[in-house]
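J.:
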Amino acid sequence: MERSALPPPASQVDVLAIAAHRDDVEQTCGGTLLVQQSLGWRTGILDLTRGEGGTRGSAAERAAEAAEAAHILRVTHREALDLPDSNVQNTLENRLKVAAVLRRLRPRVVILPYWQGRHPDHYTTATLGYEACFLAGLASLDLDAVHGAPHRPFKILYASLYADVRPTFVVDISPHIETRQQSLFAYRSQYGGQPAGAGLFVPEEDIRERMFATARHFGLLAGVRYAEPFVQKEVGLAEDLMLLPVRSL
Ligand SMILES: [Zn+2]
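Taking my numbering, the leading residue of the sequence shown gets 53, the next gets one more, and so forth.
(1) Would you say ALA211 touches ligand 1, meaning its beta carbon is less than 8 Å from a heavy atom?
(2) Measure the C-alpha to C-alpha separation of HIS129 and HIS199 and round it to an integer number of angstroms.
(3) How far does the alpha helix (DSSP H) with LEU125 in it reach, from first residue to last?
(4) Note down the Cα distance separating ALA111 from LEU236, rounded to an integer number of angstroms.
(5) Tell me which same chain residues have a C-beta within less than 8 Å of the C-beta of GLU54, skipping the five on either side of it?
(6) Taking Cβ positions, are SER138 and ASP173 nearer each other than 9 Å?
(7) Using a 10 Å radius around the Cβ and a threshold of 16 neighbouring Cβ atoms, would you call GLU280 buried or exposed?
(8) Please classify GLN141 as buried or exposed, where buried requires at least 16 neighbouring CB atoms within 10 angstroms.
(9) In this structure, what does DSSP give as the bridge partners for LEU68?
(10) Are ARG126 and LEU86 touching if we call contact CB-CB under 9 Å?
(11) Going by Cα to Cα distance, which pick from VAL222, ALA184 and GLN89 is closest to ALA274?
(12) Do PHE264 and ILE208 have their C-beta atoms within less than 9 Å of each other?
(13) Tell me whether ASP75 is buried or exposed, calling it buried when 16 or more other Cβ atoms sit within 10 Å of its Cβ.
(14) With LEU209 as the anchor, note down where its alpha helix (DSSP H) starts and where it stops.
(15) Excluding the five sequence neighbours on either side, which residues of its own chain have a C-beta within less than 7 Å of the C-beta of SER212, listed in chain order?
In structure tokens:
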């Protein structure tokens with residue numbers, strides 16, 4: 053049978069968050085994944101690196117912690133590529149690796165880090181992820197058939213929590229903020245108040261205060277308690293002015 057005559061393969065996840073490091077998603081859009089899951093959508097996480105370059109914790113330890121965090125965030129799927137930590141590069145080889153995952157998981161929505169920031173891995177992941185989304189949809193891209201037919205996500209969003217930029221919209225995560233916090237503290241090798249790297253790492257209560265204060269800030273912008281910010285490049289479309297949320301005054 054011709055490949056084009058086959059029905060399109062089913063999607064494995066509806067919303068896929070792609071991040072440079074294990075624990076990035078937990079800090080920038082974990083609450084939003086919980087919101088989507090509670091609405092009945094399947095969520096997933098793709099980490100590009102495995103954290104082998106960290107001051108604390110082995111890659112194996114971080115893998116176990118990432119699995120625990122994924123369980124707390126109730127994601128359907130989580131996997132990590134093998135890009136080198138602190139050296140994420142937007143190469144063809146890496147774009148193909150991400151495109152293969154996109155063809156296999158077939159998400160409608162992809163969340164990427166914002167395209168500017170302090171850590172090169174984060175802003176490089178934004179460009180690498182965007183270009184991989186484009187590539188995954190090209191019929192001429194000849195990836196191994198196990199990765200599935202061409203697929204292009206419908207919507208690409210940028211999690212902008214750490215960027216100095218006004219969000220396009222925020223997601224109300226108020227009912228989920230404690231669960232999001234638990235998912236971050238699943239990374240005990242990073243946040244457990246251990247002696248290794250003391251001075252480099254802030255204590256747990258400081259992290260909790262910062263996470264809640266930031267979520268409160270973005271919540272206030274939209275008249276809710278806690279929220280996560282996003283930027284989309286496309287213009288918004290209104291169907292009914294009467295249903296537009298967020299009070300003007
Ligand atoms: Zn990171």
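For glycine and all other residues, C-beta sits at the position ideal for the given N, C-alpha and C. Predicted, not measured: the structure shown is a model, and the values here were computed from it.
T.: From the atom records:
(1) no
(2) 16 Å
(3) Premise fails: LEU125 is in no alpha helix (DSSP H) and is neither H nor E.
(4) 16 Å
(5) Caution applies to GLU54, whose pLDDT of 47 falls short of 50 and renders its modelled position unreliable; the value that the coordinates give is listed next. So no residue of the chain qualifies.
(6) yes
(7) buried
(8) exposed
(9) GLY96 and VAL162
(10) yes
(11) VAL222
(12) no
(13) buried
(14) Where LEU209 is concerned, there is no enclosing alpha helix (DSSP H), although the beta strand (DSSP E) it sits in stretches over 207–211.
(15) TYR166, PRO219, PRO281, PHE282 and VAL283
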